[in-house]
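*Asks:* Just so you know, we're using the numbering used here here: the sequence shown kicks off at 5 and counts up by one. Backbone N, C-alpha and C fix where the C-beta goes; we use that ideal spot for every residue, glycine too. Structure below; questions to follow.
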Amino acid sequence: MLMRMRRREFGQMTAVVAALAAMGLAGCGGSGSSGGGDGEVTLEFTQWWEPELPDGALRALMDQFEQANPGIKVELLSGPYASTKEQLVAGAAAQTMPDVVGLDGAWVSDFAKQGAIADLTALMAEQGYDDSELASQIQIDGATYMIPVVNFVYPMFTNMDLLEQAGVSAIPSTREEFESAAAAIADTGEDVSGWALPLSLEAPNGIQNDVMSWVWASGGSMLTEDGKPNLQGNADVKSACEFIKSLWDDGVISPGAFTMKEQDKVEDFTNARVGMMIDSLAHVNTIREGNPDLEFGIAALPAVSGYSGQRGMPYASWGIGVSGTTEHPAEAWKLVEFLMSADTNAVLADDAKAFPGNSTATPDYVEDDELFKQAFEIWSSGTPANEFTGLPVSETLMRKFDEQFQSYLSGDIDVDTMLANAQQAWDEEF
């Protein structure tokens with residue numbers, strides 16, 4: 005009840021201030037944090053993590069932080085991902101961001117341009133923080149604005165029973181092996197497909213997780229060295245698109261791809277209607293609960309034949325940032341530093357069944373479960389890869405590529421035209 009009331013109050017506050025700002029009546033900003041008469045500081049921490057963690061897990065960590073930092077209190081403002089995004093977008097426009105914010109990499113560019121989130125590179129320097137243990141940082145123009153706290157890797161999932169029925173003895177490691185396995189699985193029954201490919205325009209993250217991941221797996225990139233679109237004439241992107249088109253033409257991709265969303269492919273895999281998919285490790289327990297008898301494995305994404313470098317591993321993160329208008333930047337940074345410390349980060353990763361953002365932390369769960377242990381080894385031996393993180397309007401970029409990619413799969417345009425059209429669409433957004 006308290007969590008819902010706080011979320012409602014925060015939403016009402018941002019809506020009112022946004023309205024005042026539109027009429028020119030609001031002040032120059034500042035977060036909703038408070039300083040008590042006795043010098044106590046209350047930090048507002050907005051995120052979608054608490055509902056997705058075991059009950060009381062995040063609050064317990066905040067209690068530890070408060071005990072270690074007398075005079076600082078943390079108020080958790082928690083809600084589902086979608087409503088958290090809406091509240092933060094409103095707060096960014098009205099300059100009323102909470103002191104500490106959970107971030108998705110897709111939001112970072114816009115928030116940074118608005119001045120809604122702080123330059124963490126400068127803040128770390130002010131606080132004398134050594135960032136050598138941070139596994140990654142999300143930067144805009146050379147400055148960090150988001151630190152991934154925990155990471156959810158997207159490996160390849162394989163239905164081991166379907167592989168066996170198809171006569172495939174090993175999980176595919178190359179594109180050629182994958183294509184052969186997908187065709188063999190599709191031949192096992194009318195209601196079974198080799199691979200699930202979600203390309204819904206409504207939720208176009210399939211372009212990130214299921215299309216561009218093939219580029220990153222073999223060390224390729226969709227961007228220039230200075231972070232600009234590099235689609236037209238890019239041999240690595242063209243090769244990945246042609247590979248997927250061959251799977252499409254062979255009829256091994258599950259039906260309804262153009263309207264399929266991520267949750268649909270998970271359901272198809274759980275119910276053994278598809279043999280392979282690329283998906284978040286966070287869904288392992290969902291699959292196990294939905295079909296306890298399903299035997300499935302995971303592996304790094306297949307690469308082009310002859311590639312010997314590190315496999316790019318697509319991932320999504322719970323990121324963290326600090327308000328650009330907070331009245332308590334030093335105290336806000338203390339909370340970020342606490343969450344990124346090795347011990348705390350390992351606990352949070354353990355609770356979330358994710359991989360830590362501190363490179364020296366190892367969550368306990370990877371030792372207790374063979375599948376998660378294998379996933380951690382894949383993650384540790386590869387390199388995190390998600391080039392959409394930090395890009396401007398990244399979801400729009402995915403959707404515009406998706407529109408062209410669907411036309412290509414349908415046979416309306418060739419691959420070079422598709423990439424030229426997508427390049428033009430992306431250039432307009434940059």
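Compute every distance between the C-beta of arginine 292 and the non-hydrogen atoms of the ligand ATP, then say whether any falls below 7 Å.
*Replies:* As far as ligands go, the structure on display features none, and thus does not contain the ligand ATP.
*Asks:* So what's lysine 77 in DSSP terms, helix, strand or just coil?
*Replies:* The answer is strand: DSSP assigns lysine 77 an E or B state.
*Asks:* Could you check which residue in Leu401, Asp368 and Gly60 has the C-alpha nearest to that of leucine 235?
*Replies:* Comparing Cα-Cα distances from leucine 235 to each of Leu401, Asp368 and Gly60, the minimum goes to Leu401.
*Asks:* Pull up the DSSP beta-bridge partners for alanine 346, would you.
*Replies:* None, per the DSSP bridge assignment.
*Asks:* Alpha carbon to alpha carbon, how far is isoleucine 107 from histidine 332?
*Replies:* For clarity, residue 107 is leucine in the given sequence; the question names isoleucine instead. Straight-line Cα distance between these residues: approximately 19 Å.
*Asks:* Buried or exposed for threonine 348, going by 16 or more other Cβ atoms inside 10 Å?
*Replies:* Buried, because 16 or more other Cβ atoms sit within 10 Å of the Cβ of threonine 348.
*Asks:* Sorted by chain position, which residues of the same chain lie with C-beta nearer than 7 Å to leucine 227's C-beta, five sequence neighbours on each side aside?
*Replies:* Excluding sequence neighbours, leucine 227 sits near Pro233, Asn234 and Glu391.
*Asks:* Quick check: what's the CA-CA separation for glutamate 399 versus proline 208?
*Replies:* So the two alpha carbons sit approximately 7 Å from each other.
*Asks:* Taking the CB atoms as reference points, tell me whether alanine 122 and glycine 325 lie closer together than 8 Å.
*Replies:* Against a cut-off of 8 Å, the Cβ pair of glycine 325 and alanine 122 comes out as a contact.
*Asks:* May I have the straight-line CA-CA distance separating phenylalanine 300 from glutamate 168, to the nearest angstrom?
*Replies:* C-alpha separation (whole angstroms): 11 Å.
*Asks:* Grouping DSSP H, G and I as helix and E and B as strand, with all else coil, what is alanine 72?
*Replies:* Helix, per DSSP.
*Asks:* Would you kindly work out how many angstroms separate the C-alpha atoms of proline 202 and arginine 315, rounded to a whole number?
*Replies:* Going by the C-alpha atoms only, they are around 22 Å apart.
*Asks:* Considering only residues of the same chain and omitting the five flanking positions on each side of lysine 404, which have a CB-CB separation below 8 Å?
*Replies:* Within the same chain, lysine 404 has close Cβ partners Ala426, Ala429, Trp430 and Glu433.
*Asks:* Among Arg179, Thr192, Glu206 and Ser87, which residue has its Cα nearest to the Cα of phenylalanine 267?
*Replies:* Looking at the sequence itself, residue 267 is glutamine, so the reference to phenylalanine does not match. Closest by alpha carbon: Glu206.
*Asks:* Where does isoleucine 175 fall in DSSP's three states?
*Replies:* If DSSP states are grouped into helix, strand and coil, isoleucine 175 belongs with coil.
*Asks:* Can you give me the Cβ contacts of leucine 352 inside the same chain, cut-off strictly under 7 Å, excluding the 5 residues immediately before and after it?
*Replies:* Only Leu65, Val153, Val154 and Leu343 meet the Cβ criterion.
*Asks:* Between the C-alpha atoms of isoleucine 142 and phenylalanine 115, what's the straight-line distance to the nearest angstrom?
*Replies:* Rounded to the nearest angstrom, the two C-alpha atoms are 13 Å apart.
*Asks:* Measure the alpha-carbon distance for leucine 423 versus aspartate 254 and round it to whole angstroms.
*Replies:* About 22 Å.
*Asks:* Under a three-way DSSP split, which group does aspartate 416 fall into?
*Replies:* Three-state result, aspartate 416: coil.
*Asks:* Determine whether the beta carbon atoms of isoleucine 144 and valine 112 lie at a separation below 8 Å.
*Replies:* It is a contact, given that the beta carbons lie within the stated cut-off.
*Asks:* Cysteine 32 to valine 105, Cα distance in whole Å?
*Replies:* Residue placement at cysteine 32 is flagged as unreliable, the pLDDT there being 33, under the threshold of 50; the coordinate-derived value follows with that caveat. Cysteine 32 and valine 105: Cα-Cα distance of roughly 20 Å.
*Asks:* Which residues does DSSP pair with threonine 148 in a beta bridge?
*Replies:* Its beta-bridge partners are Gln143.
*Asks:* Unbroken beta strand (DSSP E) runs of length 3 or more, entirely within the stretch 184 to 255: which are they?
*Replies:* Taking only runs of at least 3 residues, the beta strand (DSSP E) segments lying wholly in the stretch 184 to 255 are 197 to 199.
*Asks:* Using the three-state DSSP reduction, which class does tryptophan 53 fall into: helix, strand or coil?
*Replies:* Here tryptophan 53 sits in coil by DSSP.
*Asks:* Could you compute how far the alpha carbon of isoleucine 382 sits from the alpha carbon of phenylalanine 376?
*Replies:* The alpha-carbon atoms of isoleucine 382 and phenylalanine 376 are separated by roughly 10 Å.
*Asks:* Can you list, in chain order, the residues of its chain with a C-beta nearer than 7 Å to that of threonine 421? Leave out the 5 residues immediately preceding and following it.
*Replies:* For threonine 421, where only same-chain residues beyond five positions count, there are no Cβ hits under 7 Å.
*Asks:* For threonine 46 and lysine 89, which I take to be in contact (beta-carbon distance under 8 Å), what is that distance rounded to the nearest angstrom?
*Replies:* About 24 Å; that fails the 8 Å criterion.
*Asks:* Rank Phe262, Thr50, Ser222 and Leu251 by C-alpha distance to the C-alpha of serine 312 and give the top, closest one.
*Replies:* That would be Ser222, whose Cα lies nearest to the Cα of serine 312.
*Asks:* Could you tell me whether the stretch 271 to 283 touches the stretch 185 to 201, using the rule of 3 or more Cβ pairs below 8 Å?
*Replies:* Cβ pair count under 8 Å is three or more, so yes.
*Asks:* Give the secondary structure of glycine 386 by DSSP, where H, G and I count as helix, E and B as strand, and everything else as coil.
*Replies:* Glycine 386: coil per DSSP, three-state reduction.
*Asks:* For the candidate residues Phe69, Leu80, Ala72 and Asp416, whose alpha-carbon lies nearest to that of lysine 495?
*Replies:* Past the edges of the chain, shown from 5 to 434, lies residue 495, and the structure says nothing about it.
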